[in-house]
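*Asks:* Quick note on the numbering used here: the sequence shown kicks off at 31 and runs consecutively. First the structure, which I've put down as structure tokens, then a few questions once you've had a look.
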Amino acid sequence: MHGRAATSPGPSRTGSAVDAALAADLSSFVMRSPSSYHAAYAVRERLVDHGFEELDEGDRWSLEPGGRYVVVRDGAVIAFAVPDPATAPDATPASSEASAPRSAADPALASVPFHVVGAHTDSPGFKLKPQPDFVAEGALQVGVEIYGGPLLNSWLDRELCFAGRLVLRDGTTVLAQTGPIARIPQLAIHLDRKANEGLALDRQRHTQPVIGLADMVEAGGLGDPDAAGSHVLGLLAESAGVDLVDVDGFDVLTFPVQEPAVFGAHSEFLASPRLDNLASVWAGTSALEDVDPTQLTGIAVLAAFDHEEVGSETRSGASGPFLDVVLERVTTGLGGQRDDHLQALSASVCVSSDAGHAVHPNYPGHHDPVNRPRLGGGPLLKINAQQRYSTDAVGTAVWARACRDAGVGFQEFVSNNTIPCGSTIGPLTATRLGMTTVDVGPALWSMHSAREMCAVSDLADLRAALGAYFAG
31 MHGRAATSPG PSRTGSAVDA ALAADLSSFV MRSPSSYHAA YAVRERLVDH GFEELDEGDR
91 WSLEPGGRYV VVRDGAVIAF AVPDPATAPD ATPASSEASA PRSAADPALA SVPFHVVGAH
151 TDSPGFKLKP QPDFVAEGAL QVGVEIYGGP LLNSWLDREL CFAGRLVLRD GTTVLAQTGP
211 IARIPQLAIH LDRKANEGLA LDRQRHTQPV IGLADMVEAG GLGDPDAAGS HVLGLLAESA
271 GVDLVDVDGF DVLTFPVQEP AVFGAHSEFL ASPRLDNLAS VWAGTSALED VDPTQLTGIA
331 VLAAFDHEEV GSETRSGASG PFLDVVLERV TTGLGGQRDD HLQALSASVC VSSDAGHAVH
391 PNYPGHHDPV NRPRLGGGPL LKINAQQRYS TDAVGTAVWA RACRDAGVGF QEFVSNNTIP
451 CGSTIGPLTA TRLGMTTVDV GPALWSMHSA REMCAVSDLA DLRAALGAYF AG
């Protein structure tokens, strides 16, 4: 049907050396990205190391053909590569004027389409509340809010760290990350004999992590907060090398300390926190690193937004103006006008990459009876009649061509009619910018668990397909 479409996927390949290297690269990226703020910084740092130039939203942008750029806003990051047709291998000078220096702005590029890959940097978990410290039954605990829709029971009995950003009195922002200091202990089965018949967790009473013993606080063994202070914030400030008294604001979440691991009879699986959706952020970043500006037919863009798990309606979320503003500034930075920008948008495409569901062998009835995507069958094309995913026939053709060019297959995901699906940044991007949008992503088991899993080969195939899409 579509390329090597996997409506009935063949057996997944065993882990190759290339797949293993990519899994190790993703694992390293995940560990460097415990929060959305860390993830945006990790993308920026990685791309700068590959020759991208960092832009500041407060500066005037003057862009060049062949230029590669990256800009960060809070926990979101957008990066892009501009085509350079004048230096392509088959470019021939029309006259002696061709050797003259080019101006930075190039209006000829101002109306070329954008080839966008969209993803998100945040993942479900627990966010630190104001005045977080409290003591209960001799234990020092911290107050947390539930962020997004985590699978709550999966967070029990795991060593947890805290990570995020601290905003200081002078207006600067620093990243902070503690070691393993917290745990949400589960009640012993001896005290809850019906736990295995159906665990019910109260979202307030049963989710507050323990970080120490109250008598250690009195003995000064958990730091020295100020009079109104917090031990957990003190540890975060210490990790960032700043004084707690200088911290005016914070956005901090929990994350599991256990590192990703490749496993399986043939090393075919990867278990990791935050695969939803750092797997897509990593794949898009890795693909963008390798683009050749002389071969691009459009401006290759990676847009990794924050706050997807809580609705995206923020300045750094997909419903906010970040991508819209950056794309318009790309047009004007290349010497174009408003009409050039609208022409570019009319021919542009966004591939929204976010995690999806593979058929679970223990719960086969929860999936569509005909479309049965599997781990190892290739990346997903996600479809929904209610437009919870933006995929239509035009977008399907774009994705089919990218997978065909990359030499990989893909699978179609559609929900069982009795189980509504979630949504992604795809419909938001399509609505805000009016560009053709298609929803894709890696197939997972245990989505929104503290530790999700995927097939290693699917990561390689997703990266390859995004690279082919960027190339046009």
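Ideal placement from N, C-alpha and C gives every residue a C-beta, glycine not left out. All values derive from a computational prediction rather than experimental measurement.
Give the straight-line distance between the Cα atoms of L198 and A415, rounded to the nearest whole angstrom.
*Replies:* 47 Å
*Asks:* Please classify F500: does DSSP put it in a helix, a strand, or coil?
*Replies:* helix
*Asks:* Nearest by alpha-carbon distance to H390: which of H296, V428, W475 is it?
*Replies:* W475
*Asks:* To test your reading of the DSSP string, which unbroken beta strand (DSSP E) runs of 3 or more residues are found completely within the stretch 383 to 460?
*Replies:* 410 to 412, 441 to 443
*Asks:* Mind reading off the beta-carbon distance from P323 to D79? Whole number of angstroms is fine, and I expect it under 8 Å.
*Replies:* Their Cβ separation, rounded to whole angstroms, is 17 Å, which puts P323 and D79 out of contact at 8 Å.
*Asks:* For the beta strand (DSSP E) holding V277, just list the boundary residues, first then last.
*Replies:* 277 to 286
*Asks:* Check whether the Cβ atoms of P286 and S302 lie closer than 7 Å to each other.
*Replies:* no
*Asks:* Helix or strand or just coil, what does DSSP make of V311?
*Replies:* helix
*Asks:* Could you round the C-beta distance between L205 and Y71 to whole angstroms and report it? I think they count as a contact, below 8 Å.
*Replies:* 6 Å
*Asks:* Given this structure, state the Cα-to-Cα distance separating R345 from L405, to the nearest angstrom.
*Replies:* 35 Å
*Asks:* Is T361 helix, strand or coil when you go by DSSP?
*Replies:* helix
*Asks:* State buried or exposed for P457, treating a residue as buried only when at least 16 other CB atoms are found within 10 Å of its CB.
*Replies:* buried
*Asks:* For Y99, which beta-bridge partners are listed by DSSP?
*Replies:* In the DSSP assignment, the residues bridged to Y99 are E83, F110.
*Asks:* Could you check the C-alpha separation between S141 and D370 for me, to the nearest Å?
*Replies:* 5 Å
*Asks:* Are there 16 or more other CB atoms within 10 angstroms of the CB of N447, so buried, or fewer, so exposed?
*Replies:* exposed
*Asks:* Report yes or no: do the stretch 165 to 179 and the stretch 45 to 58 share at least 3 C-beta pairs separated by less than 8 Å?
*Replies:* no
*Asks:* How should I219 be labelled, buried or exposed, when 16 other C-beta atoms within 10 angstroms of its C-beta is the threshold for buried?
*Replies:* The residue in question, I219, is exposed, as its Cβ has fewer than 16 Cβ neighbours within 10 Å.
*Asks:* How about V272 and V172: are their beta carbons less than 7 Å apart?
*Replies:* Their beta carbons are not under 7 Å apart, which means V272 does not touch V172 by this criterion.
*Asks:* What is the rounded straight-line gap between the Cα of G347 and the Cα of L353?
*Replies:* 9 Å
*Asks:* Between A193 and S65, is the Cβ-Cβ spacing less than 7 Å?
*Replies:* yes
*Asks:* State the beta-bridge partners of M483 as determined by DSSP.
*Replies:* Note: M483 sits in a beta bridge opposite A301, W475.
*Asks:* Report the partner residues of K157 according to the DSSP bridge assignment.
*Replies:* E175, L283
*Asks:* I'd like to confirm something about T208: is its beta-carbon nearer than 6 Å to some heavy atom of the ligand PLP, or not?
*Replies:* Absence of the ligand PLP from the depicted structure is noted, as is the absence of any ligand whatsoever, leaving it without description.
*Asks:* With DSSP run on the structure shown, which of helix, strand or coil describes T324?
*Replies:* helix
*Asks:* My understanding is that G407 touches Q441, with C-beta atoms under 8 Å, so please give their C-beta distance in whole angstroms.
*Replies:* Contact holds; Cβ gap of about 5 Å.
*Asks:* With DSSP collapsed to three states, give me the class of G242.
*Replies:* strand
*Asks:* Spell out the partners DSSP gives G148 in its beta bridges.
*Replies:* A333, S382, per the DSSP bridge assignment.
*Asks:* Helix, strand or coil: how does DSSP classify A218 here?
*Replies:* Three-state result, A218: coil.
*Asks:* Name the two residues that bound the continuous beta strand (DSSP E) containing L52.
*Replies:* Note, L52: premise wrong, no beta strand (DSSP E); alpha helix (DSSP H) at 47 to 61.
*Asks:* Taking the CB atoms as reference points, tell me whether P143 and G363 lie closer together than 7 Å.
*Replies:* Not closer than 7 Å, so no.
*Asks:* What number of angstroms, rounded off, separates the C-alpha of R90 from the C-alpha of E338?
*Replies:* 29 Å
*Asks:* If you reduce the DSSP assignment to three classes, tell me which class A138 lands in.
*Replies:* helix
*Asks:* In this structure, how does DSSP classify L353 when only helix, strand and coil are distinguished?
*Replies:* helix
*Asks:* Of the choices A225, L85, L196, D336, whose alpha-carbon is the least far from that of D278?
*Replies:* L196
*Asks:* How far does the beta strand (DSSP E) with A206 in it extend, from its first residue to its last?
*Replies:* 203 to 207
*Asks:* In angstroms, rounded to a whole number, what distance separates the CA positions of A494 and E167?
*Replies:* Those two C-alpha atoms are separated by around 53 Å.
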